[in-house]
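Chains as they are written, first to last, in my numbering: chain A, 2 to 269; chain B, 142 to 919.
Each residue gets a CB set at the ideal place from its N, CA and C atoms; glycine is no exception.
Note that the structure is a prediction, hence the values are computed from the model and not measured.
Read through the structure below, which is laid out as C-alpha cells, and then see the notes.
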Amino acid sequence: MTKLIFQTTVAAAALVLTAIAPSSAQTADPAGIVRKMHRAFFYQGDSFRARIKMTLTGASGSERLRELTMLRINMPPGGDQRYFMYFHAPGDVRRMAFLVYKYPARESDRWLFIPALNLVQRIAAKDSQSSFVGSDFTYEDVSGRDVEADEHKLSREEEHGGKPCYVIESVPRGAASYKRKVSWIDKATSLPLKEEYYDVQDQLFKEFSAGEIKEIDGVPTILKRTMKNLKTGHQTVVEFSEAKYRLALKPEEFSERALRNPPGSWIK
Amino acid sequence: MNRLRNFSLVELSVDHPRWVVFITAFITLGFLTQFPKARTDTNPKNMLPPTSEVRVSNDAVERTFDLYEDMIVVGIANESGILNQGTLGKIKTITAEILKIPGVAARDVAGFTTIDNITVEKGTLQVSPLMADVPESPRELDRLRKQLFENHMFVGRIISQDGKTAAIYVPLEKGANGKEIADKIRGLVGQQDGLENYYVAGDPVARDTFGAEMFKLMAIFAPMAGLVMFMVRYLMFGDLFLSVALMMDAMIAIIWSMGLLIGLGLPIHVMSSMAPVFLMAIATDSIHIFNEFYFRYKEERDKKAAILKTMQAVGRPVRYTALATAAGFSVLLFMNIIPVKVFGGLVAFGTVILRILSFTFVPAMFTFVTAESVEKASQGEEIKTSHTSLFLGRLAGLGAHRPWIVVLTGLVFFAVAVAGTTRITVNNNMVEWFKKSSEVRTADRVMNKALGGTSLGYLVVGSKEGEAEFIKTPQALRHIEGLQRRLESLPDVGKTTSVVDYVKRINRVLHKDDRAYDRIPESKEMVGQYLFLFSMSAKPSDLDNVVDPSFQKANVWVQLKTWDAKAMRGVIETAKAYQRENPLALEITPAGIAYFNMVWNDEVLWDMIKGFLLALVVIFVILAVNFRSPRWAVVGYVPLLFTVILIYGAVGFMGKDFDMPISVLSCLSLGMAVDFSIHFINRFRQRIEEGRAAPGPESIEEALVWTAARPGKGILRNAVLFAAAFSVMLFAPLTPYVTVGAFIVSMMLLSAILCFVYIPALIVLLRKWLFAAEENQK
Chain A
2 MTKLIFQTTV AAAALVLTAI APSSAQTADP AGIVRKMHRA FFYQGDSFRA RIKMTLTGAS
62 GSERLRELTM LRINMPPGGD QRYFMYFHAP GDVRRMAFLV YKYPARESDR WLFIPALNLV
122 QRIAAKDSQS SFVGSDFTYE DVSGRDVEAD EHKLSREEEH GGKPCYVIES VPRGAASYKR
182 KVSWIDKATS LPLKEEYYDV QDQLFKEFSA GEIKEIDGVP TILKRTMKNL KTGHQTVVEF
242 SEAKYRLALK PEEFSERALR NPPGSWIK
Chain B
142 MNRLRNFSLV ELSVDHPRWV VFITAFITLG FLTQFPKART DTNPKNMLPP TSEVRVSNDA
202 VERTFDLYED MIVVGIANES GILNQGTLGK IKTITAEILK IPGVAARDVA GFTTIDNITV
262 EKGTLQVSPL MADVPESPRE LDRLRKQLFE NHMFVGRIIS QDGKTAAIYV PLEKGANGKE
322 IADKIRGLVG QQDGLENYYV AGDPVARDTF GAEMFKLMAI FAPMAGLVMF MVRYLMFGDL
382 FLSVALMMDA MIAIIWSMGL LIGLGLPIHV MSSMAPVFLM AIATDSIHIF NEFYFRYKEE
442 RDKKAAILKT MQAVGRPVRY TALATAAGFS VLLFMNIIPV KVFGGLVAFG TVILRILSFT
502 FVPAMFTFVT AESVEKASQG EEIKTSHTSL FLGRLAGLGA HRPWIVVLTG LVFFAVAVAG
562 TTRITVNNNM VEWFKKSSEV RTADRVMNKA LGGTSLGYLV VGSKEGEAEF IKTPQALRHI
622 EGLQRRLESL PDVGKTTSVV DYVKRINRVL HKDDRAYDRI PESKEMVGQY LFLFSMSAKP
682 SDLDNVVDPS FQKANVWVQL KTWDAKAMRG VIETAKAYQR ENPLALEITP AGIAYFNMVW
742 NDEVLWDMIK GFLLALVVIF VILAVNFRSP RWAVVGYVPL LFTVILIYGA VGFMGKDFDM
802 PISVLSCLSL GMAVDFSIHF INRFRQRIEE GRAAPGPESI EEALVWTAAR PGKGILRNAV
862 LFAAAFSVML FAPLTPYVTV GAFIVSMMLL SAILCFVYIP ALIVLLRKWL FAAEENQK
C-alpha cells in the first residue's frame with residue numbers, strides 16, 4: 002500500500018514538474034521523457050471530447066467501422082481519469098456505452114451498457130493488453146500503460162519525418178503482449194510519432210504511426226493514428242473529429258446512470 | 142531414314158569411342174552442377190495449380206476468416222488425468238516455450254494458457270486466458286475443472302472427455318517448415334520428466350516429415366537399387382567392365398534428367414523422387430544389346446562386326462520399346478496433377494537420353510572390352526546348354542503346343558481379376574503413407590481417439606443474397622446450430638465449432654451463468670450486442686475465424702478423425718441434405734485442407750482413368766506401327782492387358798487404397814510391360830523372315846521356341862533386373878515406396894512370364910488370321 006502511495010505521489014509530482022518545466026528543457030531521463038509523453042498524449046487538457054471513427058481493415062481488405070463519441074475527464078491529483086464512450090455505429094450496437102475509471106497503477110473499472118438486455122455489466126479488466134473493440138489497438142494503447150511497468154532506455158536521438166525525436170526503448174518488467182517497444186517521441190510536442198512493438202520471438206509485429214497533428218485549443222493533438230499489425234496484415238485507423246478541450250464536464254456525469262441515459266449535451 | 146541415322150551414329154561411336162565418352166562425361170558434369178540447388182515440395186496443395194478452383198476458393202476463405210493454412214496439434218496425455226499441478230505446470234511451460242519458436246504464429250496459439258475463456262464471477266464478466274497461472278489449491282483446481290467441462294468449446298478441443306489428454310493448437314506462419322517446428326516441440330517435450338506422454342500431430346508434420354524422409358530415401362535407395370542391379374548383372378554376365386558400363390549408362394541418364402529438373406527450378410516431389418529408380422530400371426532395356434552382342438560375338442568372332450550386327454538386329458525393337466516407354470510416361474503430361482506431369486516429362490526425357498546412349502555410349506564402351514573377357518562371358522550364351530534358355534523354350538512350348546488350355550485358364554483368371562478390380566477404393570491419406578508404428582501415425586491415432594480430430598474442414602454458410610448482418614439473425618444461427626448437431630452425428634466428425642457456440646456462451650454468462658440460457662437469444666439486436674461485447678475483450682481472431690467482417694458468412698469448423706477423403710465427402714453430402722430439408726436463404730460451401738484432399742482425390746481418379754485410356758490407345762498405335770499390322774498388335778497387347786488386370790484385381794482383393802502412386806503406375810505399367818511383347822514379336826518375325834530364305838524352313842512352333850530361348854533370355858534378364866531394382870523399395874519406411882516397389886516387381890515378372898506363354902499360344906491359335914494379312918500385304 003505504501004508503495005502504491007509512493008508511486009502515485011512520484012507520478013503526480015512528475016506530472017506537476019513536467020507541466021511547470023519549459024518543454025524545451027533538455028532531459029536525459031528516459032522515464033521522464035515517457036512520463037512527459039503520457040502527459041501530452043493521454044492527459045492533455047483537463048477534459049476532452051471527440052467524435053471518433055475507427056476503420057478496421059482485415060488482411061483481405063474488408064473494412065469494419067466503429068463510430069463513437071469519447072469523453073474524458075482528468076481526476077487530479079492522483080492521475081486518475083474517467084472515460085465515457087458512446088457507440089453510434091455499427092447499427093446494432095447503437096446506444097451501447099462504455100465507462101472506464103482508470104487508475105495509473107492498478108486495474109481500471111469498466112462497465113458496459115447492453116441496451117438489448119437493458120443491463121449494465123461490469124467487465125473485468127484483467128487483460129489490459131487485449132484488443133480494444135476488436136481493433137489493433139489494445140486498451141493500453143488507448144488509455145496509456147503504467148510508466149513504471151516498463152524499464153525505459155534512451156537509445157538515441159534522431160529525426161523522424163523531419164522532427165527531432167528521442168528514441169526510447171521500453172522493456173516490460175513483467176508479462177506483456179510485447180517483448181520490447183521502441184518509440185520515437187517528438188522533442189517539441191512530446192507526442193509519440195512512431196512506435197514499434199516486438200513480439201516474444203523479437204520480431205516486429207505491430208507498428209503505431211501518428212498521422213495528422215494539429216493544435217486544438219492550443220494543444221497539439223494527433224487527429225489521425227494508425228496501428229498496423231505486420232503479422233496478421235490487419236490495420237486500424239483512428240480519426241478524431243469535433244475535438245475539443247477543457248469542457249465543462251463534471252465527474253458525476255461519468256456514472257452508471259449516464260451509461261443508461263448518456264448526457265445529451267455532449268453526445269449528439 | 143531413321144535406321145540410317147542410328148547406324149551412322151553407332152559406327153561413329155565405334156570409330157571414335159574416346160570422343161563419345163569424353164563428350165558424354167562433359168555434359169554429365171554440366172548437369173551435375175545443378176544438383177546443389179535441389180529443393181523438395183511435399184505440400185499436397187501444390188498437386189493442383191494455384192489457379193485451380195479449389196485452391197482459389199480455399200485461399201479466399203482463408204483470407205476472409207483470417208485462417209491459418211497449417212496447424213500443428215500437440216497432445217499431452219497423463220493416464221491418471223492431466224488436471225494436477227504437475228501436468229498443468231508442464232502445459233504452461235511447454236506453451237510458453239512453443240510461443241518462442243520462430244515460424245509459430247504466437248498470437249493465435251490455443252491452449253490452456255492462451256485460449257480465451259468467457260466467465261462471470263461476482264457480477265463481473267471476464268474474458269481472459271483459461272489458465273493464466275497453475276492452480277495452487279484443490280479449490281482452484283476444481284474451479285478450472287468446472288470451467289473446462291462446462292464449456293463445450295473446450296471439451297474435445299483442448300481437453301478430452303475423460304480428462305486424460307490436453308491439446309495445444311499451434312498455427313504456423315506462411316512458409317514455416319512443419320517438420321522443423323515439430324522437431325523443436327519434440328525436443329521441448331523431451332526435456333520434461335514425469336509420467337506424461339507427448340504427441341505431435343497435424344498435416345504440416347506429416348507433410349514435412351515426409352519431405353525430409355523423401356530426401357533420405359532418394360539418397361539411400363537410388364544408389365542401393367543401382368548396387369543391386371550391378372550385382373545381378375555381374376552374376377548374369379560375369380563381366381565387371383560391362384556391368385560398370387551399363388550402370389554408367391543409367392547414372393548418366395539420371396544425372397541428366399534430375400539436373401534438368403533442378404536446373405529448371407522445379408522442386409522434387411514424391412513422384413519425381415522415384416524417377417532415378419525408374420530410369421535405372423528402364424536402362425536395363427539395353428540388356429538386349431548385351432544379350433545379342435554375346436550371341437553375335439560367338440558367331441562373328443570380330444568385335445566391331447558383332448557390334449554393328451547386334452545393333453542391326455536389336456535396333457528396331459530397342460527403339461520402339463523406348464518409344465513405348467517414353468509414350469507411356471508422356472501420357473502423364475496430360476494429367477491435372479502437377480507433380481505427376483513433371484514426373485512424366487522427367488522420365489520420358491530420361492528414356493530418350495537412355496536410348497541415345499544405347500546407340501552411342503554403349504557401343505563405344507564395347508570397343509574398350511578386351512576380346513578375352515567377351516570370350517569368357519559369352520561361353521554361357523549357348524541356347525542348347527543354357528538352363529535358362531531351355532526353361533524359356535519349354536515355357537513357350539507350353540503355349541505353342543497347348544494353346545487352348547493356356548487361353549482358357551487365362552480367361553478364368555481374367556474373370557476373377559475383373560471381379561477384384563470392382564473392389565478398388567480410391568483414397569489418398571497422407572498420414573497412412575507412414576508405417577503404422579511411426580511417430581507421425583501414432584500421434585495422429587492417439588489424438589484422434591482422445592480429441593475432436595486432427596483433420597480440419599470448413600463449411601462456409603453464407604447468405605444467398607449476400608445480405609450483410611444476416612448471420613446475426615436468430616434463424617440463421619439456429620440453422621447453423623442444427624447443421625452442427627447433424628454433422629456431429631457422423632462417425633468421422635469429432636467436433637464442430639461456430640459463432641453459435643460463442644453466442645450461446647455469452648448468453649449464458651450474461652444471465653448469471655444460468656444453464657437455461659445456453660441457447661441462441663431471441664433477437665438479432667441481442668446477438669449483435671453480445672458479439673460486440675465479446676469483441677471488446679477477446680482476441681480479434683476468435684471472431685474473425687468464425688464470421689466475416691460484414692456478417693454475411695459464418696465459418697463452421699469441422700474436425701475430422703481421419704484424413705480419408707470419404708470423411709469430407711460425407712460432411713458435404715450431409716450438409717446438402719440438411720440444406721434441402723431446412724430451406725433458408727443460405728448456401729453452404731466447403732473449404733479447408735480436408736476439402737482440398739477430397740477434390741484432389743477425385744482428380745486422381747479422373748486422371749487415372751483418362752491416363753489409362755490414353756495409354757491404351759497410344760501403346761496400341763505404337764505396336765501397330767512397329768509391327769506394321771494391327772493384328773500383330775492385338776497379339777502383343779493381350780499379355781500386357783492381362784498383367785495389368787491381374788495386378789489391379791489383386792489390389793482390389795487386398796483392400797489396399799488406390800492412391801496417387803498406384804494410379805500413376807497404371808499408366809506407366811502399360812508403357813513398360815509392352816517392351817517384352819515388342820522384343821518377342823519383332824524377333825520372332827525376323828526369325829520367320831530369315832527362315833523363309835533358308836533351305837529347310839522351321840515350323841512356327843520351332844521358331845517360337847527359338848525366340849523364347851534366345852531373345853527371350855534377354856527379356857527375362859530385363860525383367861529380373863527391373864524387378865531387382867525395385868525390390869529395394871520394398872524395404873522403404875514410407876508406404877508409397879513399398880507399394881510402388883511391390884507393384885513393379887510383380888508386374889515385371891508377371892508380364893514376362895505371360896509374354897512367354899500367351900504370345901506363342903495366341904500366335905498358334907491365330908496363325909491363319911495373322912499370316913493371311915501378311916500374305917495380302919505382299
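Proximity of residue i and residue j at Cβ, strictly below 9 Å
i, j, result
"L57/A", "T237/A", "yes"
"P544/B", "L906/B", "yes"
"V634/B", "V712/B", "yes"
"A395/B", "L358/B", "The amino acid at residue 395/B is misidentified as Ala; the sequence shows Ile. No; because the gap between Cβ atoms is not below 9 Å, this pair is not in contact."
"M588/B", "V214/B", "yes"
"M86/A", "P116/A", "no"
"V411/B", "S868/B", "no"
"I232/B", "L862/B", "no"
"I256/B", "W397/B", "no"
Pick from the options that is closest to residue i, judged by C-alpha positions
i, options, result
"K751/B", "H542/B, R586/B, L495/B, N477/B", "N477/B"
"F339/B", "G264/B, G328/B, A347/B", "The sequence as given places Tyr at residue 339/B; Phe does not occur at that position. Nearest C-alpha to Y339/B: G328/B."
"Y167/A", "K180/A, D187/A, A244/A, R174/A", "D187/A"
"D200/B", "I299/B, Y599/B, I786/B, L674/B", "Y599/B"
"L189/B", "Q827/B, I786/B, V740/B", "V740/B"
"T583/B", "R824/B, A347/B, I904/B", "A347/B"
"E238/B", "I309/B, N187/B, A657/B, Y435/B", "I309/B"
"A90/A", "E666/B, I164/B, F362/B, E744/B", "E666/B"
Collapsed DSSP secondary structure at residue i in the structure displayed
i, result
"T880/B", "helix"
"M294/B", "coil"
"S678/B", "helix"
"V161/B", "helix"
"T566/B", "coil"
"P91/A", "coil"
"S24/A", "Any answer about S24/A is weak, because its pLDDT of 44 lies below 50 and its placement is not dependable; what the coordinates show is given next. If DSSP states are grouped into helix, strand and coil, S24/A belongs with coil."
"L891/B", "helix"
"L205/A", "strand"
"S691/B", "coil"
"T529/B", "helix"
"N338/B", "strand"
"K636/B", "strand"
"K164/A", "strand"
"G219/A", "coil"
"R261/A", "helix"
"T108/B", "One cannot answer for residue 108/B here, as it falls past the ends of chain B, which runs 142 to 919."
"W397/B", "helix"
"G603/B", "strand"
Residue i: CB within 8 Å of a non-hydrogen atom of the ligand MN
i, result
"G80/A", "The ligand MN is absent from the structure shown, which contains no ligand whatsoever."
Closer than 8 Å, Cβ to Cβ, to anything on chain B: give me those residues from the region 104-125 of chain A, in chain order.
Listed by position along the chain: L113, I115, P116, A117, L118, L120, Q122, R123, I124, A125.
Chain-ordered residues of the region 791-818 of chain B with a beta carbon less than 8 Å from chain A
For the region 791-818 of chain B, which is checked against every Cβ of chain A, not one residue is closer than 8 Å.
Where in the region 189-256 of chain B do unbroken runs of the beta strand (DSSP E), each at least 3 residues long, occur, reported from the N-terminal end onward?
212-218
At a Cβ cut of 9 Å, what residues of the region 241-255 of chain B count as close to chain A, listed as they run along the chain?
K241, I242, P243, G244, V245, A246, A247, R248, D249
Of all the beta strand (DSSP E) runs that stay within the bounds of the region 704-789 of chain B, which reach a length of 3 or more residues?
727-732
Using a Cβ cut-off of 7 Å, which residues of the region 204-222 of chain B contact any Cβ in chain A, in chain order?
R204, T205, D207
Interface residues of the region 50-72 of chain A facing chain B [CB-CB below 8 Å]
L57, G59, A60, S61, S63, E64, R65
Residues of the region 231-246 of chain A with Cβ closer than 8 Å to any Cβ of chain B, in chain order:
For the region 231-246 of chain A, which is checked against every Cβ of chain B, the residues closer than 8 Å are K232, T233, H235.
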